[in-house]
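Novice: In the working numbering, the protein residues as written are 912 to 1022. Heads up, the beta-carbon is just placed ideally off N, CA and C, and yes, glycines get one too. Since we're looking at a predicted model, the values are computed, not measured.
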Amino acid sequence: MDPAITGFAALAALILGLFAWLRADMRRVEERLRADMRRMEEGLRADMAGVEGRLNGRLDRVDERLDRMDERFDRMEARLAAVEHGQAKLEGLLEGLREAIAGRVPRTAAE
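Next up, the structure:
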């Protein structure tokens, strides 16, 4: 056999072997990369679930505080209405006292 043909066949076998090795190496790198990406995705999902849970807890507390504030405003509104009623009553009494001191006779509805 001619040494040139033998050399060429050896070189071709070497090149094919290198391509096969390179392709297998690329497949391993791809598998590692996919595994790393899966782990990162799982970690990210777990982190997001934790953040979502904490956020929902905080929103629940905000809702509770808003409910308490609504109750306080309702109580304050009732107290203000009672004060306004008392003030109107007091104004009526003062008006009657003023008329009594001035000596005026209060008008009746029949007059």
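1. From Phe-930 to Ala-957, what distance separates their C-alpha atoms?
2. Provide the residue span of the alpha helix (DSSP H) that contains Gly-997, from first to last.
3. To the nearest angstrom, how far is it from the Cα of Gly-964 to the Cα of Val-973?
4. Rounded to a whole number of angstroms, what is the C-alpha to C-alpha distance between Arg-950 and Met-937?
Specialist: A quick look at the data gives this:
1. If I take the Cα positions, the gap works out to 40 Å.
2. In the DSSP assignment, Gly-997 falls within the alpha helix (DSSP H) that extends over 914 to 1013.
3. Whole-angstrom Cα-Cα distance: 14 Å.
4. Rounded to the nearest whole angstrom, the C-alpha separation of Arg-950 and Met-937 is 20 Å.
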